[in-house]
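**Q**
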Amino acid sequence: MTSVRRSVRSAAALAPTWTLITLGVLVPLAALMWGARTGIAGSVDSSVSIGARLARTGRVTLIQAGASTVATLVVGLPVAWVLARFRFFGRGLIRALVAAPFVLPSVVVGAAVLALAGPSGPFGSFAPQPGSAGSLALVVFAHVGYELIVVVVIVGARLESMPSTHVEAARTMGAGSWRRGASIVVPQVLPAVAGAGALVFLLTSGSLGVVLVLGGPRWGTLDSEVWYLGTQLLDLKGAAVLALVQAAAVVVVGLVAAVVRRGGQSGRPGVHAVEWSGGGTTGARAPRGGEWALVIAALGLVAVFSVAPFVALATRLGSVSAQGFGRLWTDGGRGIPPLGPAAGRSLAYAVVVALVCTAAALGVGLAAREGRGSRTQGVIALPVGVSAAAVGLGVVLMSLIGPVDLRGSVAAVVLVQAAMALPFAVGVIVPVLTAVPKRLEEAAATLGAGVSQQRRRVVVPLAAAGIAGGAALAAAAALGEFGASTFVVRGDAPTLPTLVGRLLSRQAPEAVATGTLVAAVLGLLCGLLVVLAQSLARRAHEGPEP
Numbered sequence: 319m320t321s322v323r324r325s326v327r328s329a330a331a332l333a334p335t336w337t338l339i340t341l342g343v344l345v346p347l348a349a350l351m352w353g354a355r356t357g358i359a360g361s362v363d364s365s366v367s368i369g370a371r372l373a374r375t376g377r378v379t380l381i382q383a384g385a386s387t388v389a390t391l392v393v394g395l396p397v398a399w400v401l402a403r404f405r406f407f408g409r410g411l412i413r414a415l416v417a418a419p420f421v422l423p424s425v426v427v428g429a430a431v432l433a434l435a436g437p438s439g440p441f442g443s444f445a446p447q448p449g450s451a452g453s454l455a456l457v458v459f460a461h462v463g464y465e466l467i468v469v470v471v472i473v474g475a476r477l478e479s480m481p482s483t484h485v486e487a488a489r490t491m492g493a494g495s496w497r498r499g500a501s502i503v504v505p506q507v508l509p510a511v512a513g514a515g516a517l518v519f520l521l522t523s524g525s526l527g528v529v530l531v532l533g534g535p536r537w538g539t540l541d542s543e544v545w546y547l548g549t550q551l552l553d554l555k556g557a558a559v560l561a562l563v564q565a566a567a568v569v570v571v572g573l574v575a576a577v578v579r580r581g582g583q584s585g586r587p588g589v590h591a592v593e594w595s596g597g598g599t600t601g602a603r604a605p606r607g608g609e610w611a612l613v614i615a616a617l618g619l620v621a622v623f624s625v626a627p628f629v630a631l632a633t634r635l636g637s638v639s640a641q642g643f644g645r646l647w648t649d650g651g652r653g654i655p656p657l658g659p660a661a662g663r664s665l666a667y668a669v670v671v672a673l674v675c676t677a678a679a680l681g682v683g684l685a686a687r688e689g690r691g692s693r694t695q696g697v698i699a700l701p702v703g704v705s706a707a708a709v710g711l712g713v714v715l716m717s718l719i720g721p722v723d724l725r726g727s728v729a730a731v732v733l734v735q736a737a738m739a740l741p742f743a744v745g746v747i748v749p750v751l752t753a754v755p756k757r758l759e760e761a762a763a764t765l766g767a768g769v770s771q772q773r774r775r776v777v778v779p780l781a782a783a784g785i786a787g788g789a790a791l792a793a794a795a796a797l798g799e800f801g802a803s804t805f806v807v808r809g810d811a812p813t814l815p816t817l818v819g820r821l822l823s824r825q826a827p828e829a830v831a832t833g834t835l836v837a838a839v840l841g842l843l844c845g846l847l848v849v850l851a852q853s854l855a856r857r858a859h860e861g862p863e864p
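All residue numbers for the sequence shown refer to my numbering, where the first residue is 319 and numbers rise by one.
#1: Grab me the residues of Ala-677's own chain with a C-beta within less than 7 Å of its C-beta, minus the 5 sequence neighbours each way, in chain order.
#2: By Cβ distance, which residues of its chain are closer than 7 Å to Val-776, with the 5 residues on each side in sequence left out?
#3: Out of Pro-655, Ala-349, Asp-541, Ile-412, which has the shortest C-alpha to C-alpha gap to Gly-833?
#4: Return the bridge partner residues of Ile-654 from the DSSP annotation.
#5: Whole angstroms are fine: how far does the CA of Ile-381 sit from the CA of Gly-548?
#6: For Thr-387, I'd like the list of residues in its chain whose CB is within less than 8 Å of its CB, leaving aside the five on either flank, ordered along the chain.
#7: If you follow the alpha helix (DSSP H) that Tyr-464 is in, where does it begin and where does it stop?
#8: Using a Cβ-based criterion (distance less than 7 Å to any ligand heavy atom), does Gly-513 qualify as near the ligand PLP?
#9: Taking the alpha helix (DSSP H) that Phe-742 falls in, what are its first and last residues?
#10: What do you get for Ile-339, buried or exposed, if any count of 16 or more other CB atoms within 10 angstroms of its CB means buried?
#11: Tell me whether Arg-824 sits in a helix, a strand or coil according to DSSP, three-state version.
#12: Under 8 Å: do the region 426-437 and the region 445-456 share three or more Cβ pairs, one atom per stretch?
#13: How is Phe-404 classed by DSSP in three states: helix, strand or coil?
#14: For the region 693-710 against the region 780-792, are there 3 or more C-beta pairs whose distance is under 8 Å?
#15: Taking the DSSP output, what are the residues bridged to Arg-775?
#16: Could you tell me the alpha carbon to alpha carbon distance between Val-431 and Leu-631, rounded to whole angstroms?
#17: State the beta-bridge partners of Arg-603 as determined by DSSP.
#18: Can you name, in chain order, every residue of its own chain whose Cβ lies under 6 Å from the Cβ of Ala-829, other than the five neighbours on each side?
#19: Quick check: what's the CA-CA separation for Ala-626 versus Leu-635?
#20: List the endpoints of the continuous alpha helix (DSSP H) containing Val-629.
#21: State the start and end residues of the unbroken alpha helix (DSSP H) segment that holds Ala-781.
#22: Closest by CA to Ala-451, which one among Leu-532, Gly-653, Gln-506?
#23: In three-state terms, what does DSSP make of Glu-609?
#24: Name the two residues that bound the continuous alpha helix (DSSP H) containing Glu-688.
#25: If you follow the alpha helix (DSSP H) that Asp-541 is part of, which residue opens it and which one closes it?
#26: Here's the rule: buried if 16 or more other CB atoms are within 10 angstroms of the residue's CB, otherwise exposed. What is Val-378?
#27: Using beta-carbon positions only, say whether Val-507 and Val-473 come within less than 8 Å of one another.
#28: By Cβ distance, which residues of its chain are closer than 7 Å to Val-345, with the 5 residues on each side in sequence left out?
#29: Is the region 807-820 in contact with the region 743-751, if contact means three or more CB pairs nearer than 8 Å?
#30: Could you check what DSSP says for Pro-396 in three-state terms: helix, strand or coil?
#31: Suppose you measure from the CA of Trp-399 to the CA of Gln-695; what does that come to, to the nearest Å?
#32: Would you tell me roughly how many angstroms separate the C-alpha atoms of Val-848 and Ser-443, rounded to the nearest one?
#33: Pairs of beta-carbons, one from the region 724-733 and one from the region 656-672, closer than 8 Å: are there three or more?
#34: Can you give me the C-alpha to C-alpha distance between Leu-552 and Val-568, rounded to a whole angstrom?
#35: I'd like to know whether the C-beta atoms of Gly-342 and Ala-792 end up nearer to each other than 8 Å.
See the structure below:
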């Protein structure tokens, strides 16, 4: 009977999550498959065949994502080595600076590079113009700063776990030390490098905001072509076909990454047996002699790719007078809607999404405390791998095919933003809930408290800081969501990210100037929410001792 009750409780706790994933991801993907197979009433066939578009955008996607991956690895590997193996003043700050761009909306990252190297930026006279043949360099530059943390975290974790005796042996081997060092160190980090590279390729191939802002139609990827066909040409069937192709490519790359990393972990048992027999991680040490040159070089790379663009973007806030900003906030400009309503609308959506995602994540965490819901947590990660544009287009097709038309409604915006933000809330809240000692519940039970009272009076209060942190992170993800929202947000009621994308895609000087200003405001709001989330999550991890 107890087992049946646990199953019922877990099913009830997981119901909100499955409802959200079903309506926000699974049904939209099914609608994409239906639309690609049978067509959509009202869809306009574009003059260029889908086969030709697929060939062109597929080739561009491979070129762009491949170049971005190689550049990110070239920049990221020395940074990962320095942060993993050396201890120096400001090391924690450097880690934070590397991580900061990753949590910002992609349109903000594109706007930051535009503020640095665009026509009105300090390096605009030396850089290619956005949308030109050479603008691939701008896209790659933005992606390096955006995805640098992926290489630093994945490769850095492997380097930190490598006993210093191995590295010291490679350093002091005398003649042929580079070759011998490579034979010792490279085999141990190669699986991590391959896994990081595959993940960077996956992320950069679907970075819609960066490509739209910096690359333009000339460097349109599968993701941006889905956006173009679905929102500009209204070729919904063609967009559905491309979205499915991209989703399939994401699955293939994800499986390859998993196989590579698993093979690296299990295919060399001798290496890892030695690795863990040395007493575990010995920690970083202070640089010595010429190693300071490597540290300084790594700091320079971080300054160029992770700091300079956002400093340039922040200066845009100071370039506008309070009176001028007030006019933009209340009245807008020529062809530009007022910023105040867009900001209020975005924040309202973020609050609602945070509440929805927090409720769903609480259910997953409570089920996890009873050993249930492991499969659900795997499904929750689906929106991270699926293109946001595919989810947004799928909701549009779901409205056209199904009995309820959600196009342009508040419900559609909340649905897609909650589906994309849910993994972030779960990633923070579930570990915090499962970390609450079970003995505290057992003590409450001996005093006569039922299961619901144990959760309400013991588990949730002890995890309150982490729950609030997960809510703040979900709000930040919703506030900056662009790819899916651009399909369901009405043109006369934009959110801040869709407004930034609209302004920066015009390429007109006034629109670009206003777009970068709005991006700075959006980046500031998202950054504050992320800092709040990190602070609350840190407090939660420093909570009750087991």
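Every residue gets a Cβ at the ideal spot worked out from N, C-alpha and C, and that includes glycine.
**A** Let me spell this out:
#1: Pro-334
#2: Leu-758, Glu-759, Ala-762
#3: Pro-655
#4: Gly-651
#5: 23 Å
#6: Gly-515, Val-518, Phe-519, Thr-522
#7: 454-479
#8: The ligand PLP is absent from the structure shown, which contains no ligands of any kind.
#9: 728-752
#10: buried
#11: coil
#12: yes
#13: strand
#14: no
#15: Answer is none; Arg-775 lacks a bridge partner.
#16: 8 Å
#17: Phe-404
#18: Leu-821
#19: 15 Å
#20: 626-636
#21: Careful: Ala-781 lies outside any alpha helix (DSSP H) and carries neither H nor E.
#22: Leu-532
#23: helix
#24: Where Glu-688 is concerned, there is no enclosing alpha helix (DSSP H), given that its DSSP letter is neither H nor E.
#25: 540-545
#26: buried
#27: yes
#28: Met-716
#29: no
#30: helix
#31: 32 Å
#32: 34 Å
#33: yes
#34: 24 Å
#35: no
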